[in-house]
Structure formats: C-alpha cells, structure tokens
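Residue 40 in this note's numbering sits at position 36 of the sequence shown, and the numbers go up by one each step.
For each residue, glycine too, the CB sits at the ideal point set by N, CA and C.
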Amino acid sequence: LVVGIVLDGICVLILAGILGGVLGGILGGVLGGVVGVYWVVYRVVYWLVYWVVYWVVYWVVYWVV
C-alpha cells in the first residue's frame, strides 16, 4: 500500500515536472518571441525617427542658413 502511494506520488511528480517543463518552454518561447519582435520594432522605429529628424533638421538648417 505504502509502495503504491509512493509510486503514484513519484508518477504525479514526474508528470507535473514534464507538464511544467513543457508549459515553461512554451511560455519562455512566447516571451522570447515577443521580446525579440519588440526589440526589432523598437530598433526600426528608432532608426526611422532618427533619420527623419536628422533630415528635417538638416534641410531646415540648410534653407535657413
């Protein structure tokens, strides 16, 4: 009886561990993907804004001066 309970407990723990690992992997993958996409979008937007501002300032200075 005790051995059966212990074995059941071990099986549940193993299953819980596998399930937790899979869920953790999926969550980690999703989070990593979101962070990666966010970073790329941030960089692209940053550079676009940077160049637009740069050229606007450049032309304003060019025409004013």
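Have a look at residue i and residue j and give me their C-alpha separation to the nearest angstrom.
i	j	result
I22	L31	14 angstroms
G3	R47	Shown here, the chain extends from 5 to 69; a query on residue 3 therefore has no answer.
V64	G40	36 angstroms
Y50	Y66	24 angstroms
W59	V45	21 angstroms
V75	G28	Coverage of the chain is limited to positions 5 through 69, which leaves residue 75 absent and any answer about it impossible.
Where are the alpha helix (DSSP H) runs, 4 residues long or more, that stay fully inside the region 36-67, in chain order? If we require 4 residues or more, the region 36-67 turns out to have no alpha helix (DSSP H) run fully inside it.
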